[in-house]
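The structure under discussion appears below in the form of structure tokens.
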């Protein structure tokens, strides 16, 4: 029993390694080392340097965007400033600059005739087919309002805010001055994993520099002030069409920071795209517009409003990025461990081998010690003679 | 010295490989190949096809969402349109449709009595405990305003916008018409890593098709028009409760694009959730509401406002997704490299072996050439006789 | 021909394994097992437990944030409530609390003199240099308006909303009461990969508990009500400076959920940062402000507005996080597969070996059966005698 246990324990504490043969041939040896070299170059070059494996990547960046638009534009013989044409006003990452307004003044709750050829009628029955039409300017009542002079058709009646909006106003000239407006973008990001915080313009920039510069991809790549006309140009868009129909422009800020390097190399890269480009082929929903109203009260307290259909250029400031850090821990532990393991394996064996071979009888029939001695990295082959 | 160097160099340019034995047994051989086959199937099937390893994944998608609500609803005997009930109006990815309004008209700055049983009092002292109460409608002054007729209790005085809001108005009927409102969602995404841009509806869709369709998971999975009633149904919510108390609905757009395939397979998948579901068990903060005011001026320039407590259904359009591309470079280089390495290892040796064995003396005591010849994939065993 | 085919097939169905030697030495064996133990500890400890490899991570969380501010503040001898000072009002994840307002009442469209020393002039020519200046309050007309009394300089004329804003009003006291305002944050997240939904406060919290608690990192880490003064303190900011100049505060909600554990351990962790910190060194754009207007109509229908330059503290509630699940499938399949493969390799051989050695002639010159029998985990060495 005791000897069985001992046998088990003895069997457990053995060392096993594969047998190797060493081919002492110059041609084969050189090819072998060349292949090894290629593999090492591949790993170091591709996996480490190009693919940046063994770097820890932080993709969940925290980003905060503040925007501020400046400029004045003429629209409907009025000067419009930032409080008039930017929506929402608090400088968010998504904001609209209104470029054309269709204004319907003094709307009161009531009943009136709908606008447009589509809603013309001769009898009430003509209007019944429009029941529940959500593309009208109000709830279709089913009544056909006859015109005072009978020369033309009547119009279906709606209930809601009256008079109805006439959005067929091709004569309204868009506010082309939008070209000269400027957008100031303040973007601060944080890589929570590494607790690194960066802003989108250098801390060394003075107030005067910032105020006087305009972003240009080559000459001023870090200037945080963007001329709207330039941005539209970068996306290859026609300003007139955009100002007239509205559109969506993406301002992408890309941060790709190798935080192993000096933090000053962690800088933003701007790019500009037309976001509604995928829908360019669709006949519908060209451009971008929305409706809002300003509410007033008459002296006697009746509510009325001014409805605005606003065509606008919407800007989406989108921040993407990742920060990477060479993960020393992984590198040193994992790889070193592997190397040490490898090193140990051979080391241990070689030493043990020599000791063992010296201590034990050299008469083993398979003893290949000369071979081992001349091989630096081979697995050793030996059989203990004690069993 | 020179010979020592030469010895080192000679030792360095050697080729070492493990010794192998080939078991020529049908049963063992078949089992061996079966196991190998299983492993290959496992790797190809699971790792490659199912887990899509060796594909490069782009999770940092850029997404832009534009929304537009249409429909008319009756509330407080008024017809409300999009400019009245959507907040914010510019068609963002997060928007609210107001379904119930508690309106407090003609509020002026001043002092008046607070509303509600909680703030009833008989003496000023009763009101002192409310000092700093932020759940009141204004700043508690500490005065108890006695009623003109002494039949009931007084009310604590507040300073702020007067009269105080009475939000205990169970009689206000919510705008159930919200059921028939439609939400048009325009979502364009870009995978920056692959520079692929997609829209959430096919470019082949005509204006008429888009205008007339309504999203349905089976019959119209790519129609970008969603009926509010349908969306609420998909989340399993009671429309009446939602319209009355407000709530938060998530519209998830999921893009999982295997960009190796035709780009037309890169399509959105919609799902709908009630976002405040985790809080369903909490007694507090059921529903969703917020306050806003419309500001007016009297003839003599005094400011007054109409306070609105708006119960609303908030919709969050959330876009998630990733694009994958089979990384040919990795696949071809890394794997092929490995294979070539493996192939080379054996190949090189075999050839070298044959050449070497032919060129050199065949009298090696351990020569197993017959064995090698008959084994296609074995590591070769041979010892050069030159040492 | 047939025998060649058979030969190929026979050669294919062979089993090949490396030769191994077993060193029966206590010292080497112990070192060997120790090294193996270290490697196992390293893998289990570091890769599995610390790095959580073999866990599937879901970083694309869906998050919805609802906020509600409460509190009253005095500003310009008025009591301001939530409808007055929060922008936007619908309780988004990014919201502003206005702390100082520069109000310019009764602006009408027209022409008037610009404000400020910078725009002083003596002749029209002095104003021409300001043409196109977007930092003015309107469009510079190029006219120098002479003062009624000739004691001081004239001012350049602007066209736009008049009178021009005088934003040099150091005497306006910011609304320090903001310190006592509270922010209620409702955050629900979903890990789409695992379909797990969580809210930022426990479902066991009663309405009373929520209403009466205030967040504190140690005593109330899960209370969803944050006192603004506390938040500013956590970021180490001076309340007076922030209220006067505005600023941007980040409220980070971090979810790191090991979904293998009880779902109740999946809780939020709050942290607070000053988002405009990276710009602290820049002289420009300290603080945060924006302009908005309230629009009115005179009795005869002329539009006028009240312009507000609002200094505000902007709060960005940012949600990051990931959910992890121990991927049983990978673990059981991949690793087990590997183990089974390993196990099988040896198993198969051992059995086959024994059977083969029993069935076949034991007279092989290299037969090492005694060795195999005494070695539990060695690769077997044997040569079938049949060829």
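Protein chains in written order, with this note's numbering: chain Y, 871 to 1257; chain G, 871 to 1257; chain A, 871 to 1257. Cβ coordinates follow ideal geometry from the N, Cα and C atoms, glycine included.
So, is the C-beta of residue 902 of chain A closer than 7 angstroms to a C-beta in chain Y? yes
Mind pulling the chain G residues with CB within less than 7 angstroms of residue 936 of chain A? 1118, 1158
Neighbourhood of residue 997 of chain A by C-beta distance below 8 angstroms, restricted to the same chain and skipping five residues each side: 989, 991, 1010, 1011, 1012, 1013, 1014, 1026, 1027
When DSSP labels each residue in this structure, what does residue 1145 of chain Y get in the three-state scheme? coil
Given this structure, state the Cα-to-Cα distance separating residue 1107 of chain Y from residue 1066 of chain Y, to the nearest angstrom. 37 angstroms
Based on the DSSP output, what are the partners of residue 1095 of chain G in its beta bridges? Beta-bridge partners assigned by DSSP to residue 1095 of chain G: G:1054.
Can you list, in chain order, the residues of the segment 1159 to 1174 of chain A whose Cβ is nearer than 8 angstroms to any Cβ on chain G? 1164, 1166, 1169
Tell me whether the beta-carbon of residue 937 of chain Y lies closer than 7 angstroms to the beta-carbon of residue 1183 of chain Y. no
At a CB distance below 9 angstroms, what residues from the segment 1045 to 1061 of chain Y approach chain G? Give them in sequence order. none
Candidates G:985, G:1123, G:910, G:1128, of which the one nearest residue 1091 of chain G by Cα: Just measuring C-alpha positions, the residue of G:985, G:1123, G:910, G:1128 sitting nearest residue 1091 of chain G is G:1123.
When you compare the CB of residue 1004 of chain Y with every CB in chain G, is at least one pair closer than 7 angstroms? yes
DSSP three-state label for residue 1113 of chain G, please. DSSP places residue 1113 of chain G within a helical segment (H, G or I) once states are collapsed to three.
At 3 residues or longer, what runs of the beta strand (DSSP E) sit wholly inside the segment 927 to 968 of chain A? 932 to 940, 943 to 945, 948 to 950
Can you find a C-beta in chain Y that's less than 7 angstroms from the C-beta of residue 1188 of chain A? yes
Could you please tell me which residues of the segment 877 to 896 of chain Y, in chain order, have their CB closer than 7 angstroms to any CB of chain G? 888, 889, 890, 891, 892, 893, 894, 895, 896
How many whole angstroms separate the CB atoms of residue 1161 of chain Y and residue 959 of chain G, which I take to be in contact at a CB cut-off of 8 angstroms? Going by Cβ atoms, the distance from residue 1161 of chain Y to residue 959 of chain G rounds to 7 angstroms, so yes, they are a contact pair.
Beta carbon proximity, residue 961 of chain G to chain Y, threshold 7 angstroms: yes
What does the Cβ neighbour count give for residue 1225 of chain A, buried or exposed, with the cut at 16 atoms within 10 Å? Note that residue 1225 of chain A scores 44 on pLDDT, short of 50, meaning its location in the model is unreliable; the coordinates nonetheless yield the value given after this. Per the 10 Å Cβ criterion, exposed.
Tell me the DSSP bridge mates of residue 886 of chain A? G:892
Would residue 1098 of chain A and residue 1049 of chain A qualify as a contact pair, given that the criterion is a beta-carbon distance under 7 angstroms? yes
Check whether the segment 881 to 890 of chain G touches the segment 884 to 904 of chain Y, taking contact to mean three or more Cβ pairs, one atom from each stretch, closer than 8 angstroms. yes
Does at least one heavy atom of the ligand MG sit under 6 angstroms from the Cβ of residue 899 of chain A? The model on display carries no ligand, and the ligand MG is accordingly not part of it.
Spell out whether any CB of chain G is found under 7 angstroms from the CB atom of residue 1014 of chain Y. no
Check whether the Cβ atoms of residue 1095 of chain G and residue 1143 of chain G lie closer than 7 angstroms to each other. no
Please identify, using Cβ separations under 9 angstroms, the residues of the segment 944 to 971 of chain A that lie next to chain G, in order along the chain. 944, 947, 948, 949, 950, 951, 952, 953, 954, 956, 958, 959, 960, 961, 962, 963
Amino acids of chain A, ordered along the chain, whose beta-carbon sits closer than 7 angstroms to that of residue 932 of chain Y: 1120, 1122, 1188, 1190
Measure the C-alpha to C-alpha separation of residue 904 of chain Y and residue 891 of chain G and round it to an integer number of angstroms. 27 angstroms
Should residue 1069 of chain G and residue 1149 of chain Y be called a contact, given that it needs their Cβ atoms to be closer than 7 angstroms? yes
What residue from Y:1130, Y:1073, Y:1004, Y:935 has the CA that sits closest to residue 1151 of chain A's CA? Y:1073
Would the beta-carbon of residue 978 of chain Y fall within 7 angstroms of that of residue 1174 of chain Y? yes
Just how far apart, CA to CA, sit residue 1127 of chain G and residue 1189 of chain Y? 22 angstroms
Does the beta carbon of residue 1025 of chain G come closer than 7 angstroms to any beta carbon on chain A? no
I'd like to know if residue 1089 of chain A contacts chain G, where contact means its C-beta is closer than 7 angstroms to some C-beta of that chain. no
Looking at the secondary structure, which residues open and close the beta strand (DSSP E) in which residue 1026 of chain Y lies? 1024 to 1032
Straight-line CA distance for residue 1164 of chain A to residue 1132 of chain A? 52 angstroms
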